[in-house]
Amino acid sequence: MNFLARLLSSQHSTAVHKTTGGITPAHFKEHSLRSQIMPTPLPEELWLSLKQRDGKMLESLVSVGDRVLKNQLIATPTTAYGAPIHAPTSGQIKEITAKHVVNSFAERQLHIVIAVDGQDKFEPLQPMTQYQSLSASQLIEKLHDQGVGGLAGTDFPTPGKLNLTMQSQTQLLIINACECEPFITADEALVREKAEQIVLGAEILQQASNAEKCIVAIANEMSDAIQALKLALANSVIELVLIPTKYPAGGERQIVQAVTGKEVPSGGLPSDINVLIQNVDTAYAAYRAIVIGQPCISRITTLAGTPLKTPKNFEVLFGTPIPFLLELCGNDVLTHESTIVGGSLMGVTLFDDNVAISRATNCVIAASLKWFPDLPAELACIRCGDCADVCPAKLLPQQLYAFSRSQDSENLEDQNLSDCIECGACSYVCPSNIPLVQYFRASKATELAQVQQSQLSEHWQERYQYRQYRLKKDKEESKNRKARLTKDRSTKTDSADFSRSKAKADIAAAVSRVKKRKTESALRKTQEAQDVTGKSQT
Amino acid sequence: METPFVNTTAATYLFIGVTISFSLYALAKVYHWFKKRHQQQRLLVDKINQLLPQTQCGQCGYEGCRPYARAISKGEQVNQCPPGGIETIVKLTTLLNDQVKTLNPAHGEFEVFKVAVIREDECIGCTKCIKACPVDAILGGPKLMHTVIAAECTGCDLCVDPCPVDCIDMIPALANITPGWCLPDDLNSLHNSLWRKS
């Protein structure tokens, strides 16, 4: 009874602040939550992307034909925006080639392709039992070595984030379990089954970030997960906060607003107001990296959609091809129209299904016409203002829409387009079926492309100017050299004459010497010949 | 004879002094005016140069982007830059209060961004392309294989002609600029043509 009473008492819950905007779409979560998390069988190939978050490439440590073991380090990052890659299973490096990636349309990036041998031979794990005695920087280094991070969707490595917060005094660490987007249940399933490990991971992250307080924020409709967490948190100082379920409650900025009541400044990061946010996936990965010693080689991914006979959550190795997963769930090819990576509101429709699961892939939806019908025709904006009501970033989508159509970049900047988190709430409520978020994404992309182009042309200009400078310098130098040579020649003439006469004398002396020697030797020869003939006669 | 009221010598000196100081002042003014004009000219050239794409390809008939910018500031036509396309022309005409024109076809046509790639087996190491490259983006030595640093290549095409064995290709480089999202109108056409499997 005592146990039950503790369950029912809401000792862990804290007051929650109101957040701006938001919608409450249908969940579509129940299908994939019916079964437990299952590991997938080994696919034939794994495709591991070498792209870092800043667009640079990881440095591959293996070459084609090498045999790798599970947990073996195969690529290291070149900047702070990358996490090392460990081989998810044993096999042979088949090739290193360009393949499509999820996040950008029609883009190809280098991938390491591992031909899986099916034996799953592994390198021994190195667990750290005495991690409580480690310092924050040691823990961060360990997390970095184990490749933890990028599981929340932004692909940002956790050690980088922790280092960022080391500089500012972090007061609050929030473990984010508010998975608010329809279809995605990966975090909820993880919390339901691995609550204790997540709490241990949260403690590790708190130790690594030196945060004064740690909070687990979870959506209030995830009843099973909340119960599991309450049990796990019974003897912990970590608090549990229930966030009202709406979309997007799980966004970084929204969760900070809900928990602290403060807003993250425009263009800033939560670290600006001394808050650090980590996903539950990251907490679980941190637990595995430190306590078990397991490098980050897999994640929980939801497979959902009507064409799938058994939608469920899988523990998927990084690099597993999406078609393999779809087949595993009994994909009905007849009703399967397209594949969406991510949730139904923020996800990306794949151009080509042959894409691998990356760190950030938390959901794959097999879309059918039943739930994802063709877009209805776009009508004119009637200025109802519904979009402004639901915008979580307090923007004016109808203004942005007008400027986006006319590609007016100055006004878009004035209206703070860069603060748009691309949640898609505005498109969801629009009575005229305007795909507003699509316009904003396009405008953001063109702005980014313009910035990149101007940086590039600045760089070219610098190189051109340097070349001009170099050519000028070379020309001057060669002129100087010529002048020096002619000067040398003119100063040398006197001594040259002198030496020439001396040389003549030398040559004459040498010639006379040679002549003398020749006549001498000739004389000697005749004498010898005479001697010989004399001797023979005698 | 009455002595003149004005001391002639002093007056002469005064006159000479005043003349010299005035002429010096005038000279300084003129110098200042020229300097200011020169500075303005330079600023204008800088502004124009900022708008040009910096490929340094020389298709405009000038040696590079800055020389062309200097020529524009002295009254050259703005529609001679094929890599910049119509966008650059619009930007330049708004800066110079000029009328928008179409690209002059005599200087070439707008193309997608390409980078030079050397077929390395065929390269004989003649260094001719290295000398032609306006941004020093080609690496190599005499009788050794050359290669293009793709990240530095402006796609100016200048290395293609000097190559005696024709081993340089111009290949479209999509990866250099992040391909992003397109506007819904463009997307719908793509959606209909490519995305639907049926």
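Protein chains in written order, with the working numbering: chain Z, 1296 to 1833; chain P, 105 to 302. The beta carbon of each residue, even a glycine, is placed where N, CA and C say it ideally should be.
Straight across, the Cα-Cα distance linking P/Asn-153 with Z/Gly-1600 is about 53 Å.
Listed along chain Z, the residues sitting closer than 7 Å to P/Leu-287 by beta-carbon distance are Tyr-1734, Ala-1737. For Z/Arg-1594, the enclosing beta strand (DSSP E) begins and ends at 1593-1599. The C-beta of Z/Glu-1476 has 16 or more other C-beta atoms within 10 Å across all chains shown, which makes the residue buried. The way I'd put it, the region 1750-1761 of chain Z doesn't touch the region 1770-1789 of chain Z; fewer than three beta-carbon pairs between them come closer than 8 Å. Under the DSSP definition of a beta bridge, Z/Ser-1639 lacks any partner.
Every beta strand (DSSP E) of 3 residues or more that sits fully in the region 1389-1455 of chain Z is shown, in chain order, as 1403-1411. Contact with chain P is found for Z/Arg-1765, since one of that chain's Cβ atoms lies less than 9 Å from the residue's Cβ. DSSP places Z/Thr-1465 in the coil class of the three-state scheme, outside both helix and strand. In this structure, the straight-line span from the alpha carbon of Z/Glu-1418 to that of Z/Arg-1583 is close to 15 Å.
Z/Pro-1334 has Z/Glu-1610 as its beta-bridge partners, per DSSP. Within the region 228-265 of chain P, no beta strand (DSSP E) run of at least 3 residues lies entirely inside it. Taking C-alpha positions only, Z/Cys-1718 is separated from Z/Pro-1606 by approximately 24 Å. With a 10 Å radius around the Cβ and a threshold of 16 neighbouring Cβ atoms, Z/Asn-1574 comes out buried.
Here Z/Lys-1604 is exposed. Its C-beta has fewer than 16 other C-beta atoms within 10 Å. Per DSSP, Z/Trp-1666 is not a residue of any beta strand (DSSP E), being assigned neither H nor E. Using a Cβ distance threshold of 9 Å, P/Gln-160 and P/Pro-238 count as a contacting pair. Contact annotation: Z/Leu-1356 and Z/Ser-1385 have beta-carbon atoms that are not nearer than 9 Å. Within the same chain, Ser-1713 come within 7 Å of Z/Gly-1562 by CB-CB distance, once the 5 residues on both sides are set aside.
Contact of P/Pro-157 with chain Z is assigned, a C-beta pair being separated by under 9 Å. When DSSP states are grouped into helix, strand and coil, Z/Leu-1457 belongs to the helix group. A direct Cα-to-Cα measurement between Z/Gln-1331 and Z/Ile-1470 gives close to 22 Å.
Chain-order list of chain Z residues neighbouring P/Asp-225: empty, with the shortest C-beta distance near 19 Å, by a criterion of under 9 Å.
A Cβ of chain Z is located within less than 9 Å of the beta carbon of P/Asp-240.
Put simply, the backbone Cα of Z/Pro-1590 is about 4 Å away from that of Z/Gln-1441.
Here DSSP, grouped into helix, strand and coil, assigns P/Asp-273 to strand. The CB of P/Gln-160 comes closer than 9 Å to the CB of Trp-1755, Gln-1756, Arg-1758, Tyr-1759, Arg-1762 in chain Z, given here in chain order. Neighbourhood of Z/Ser-1752 in chain P, by CB distance below 9 Å: Gln-154, Leu-156, Pro-157, Gln-158, Thr-159, Cys-169, Thr-258, in chain order.
Here Z/Gln-1694 really is in contact with Z/Gln-1710; their C-beta atoms are around 5 Å apart, less than 8 Å. The alpha-carbon of Z/Ala-1805 is positioned some 10 Å away from that of Z/Lys-1799.
Excluding five sequence positions before and after P/Lys-151, the CB atoms of its chain that fall closer than 8 Å to its own CB belong to Leu-199, given in chain order. In the DSSP assignment, Z/Pro-1616 forms a beta bridge with Z/Ala-1651.
At a cut-off of 9 Å, the C-beta of Z/Ser-1699 has a neighbouring C-beta in chain P. Counting C-beta pairs with one atom in each stretch, the region 1377-1394 of chain Z and the region 1407-1418 of chain Z have three or more that are closer than 8 Å, which means they touch.
Here the region 1327-1341 of chain Z lies against the region 1476-1495 of chain Z, with 3 or more beta-carbon pairs under 8 Å apart. Z/Asn-1574 has Z/Asn-1471 as its beta-bridge partners, per DSSP.
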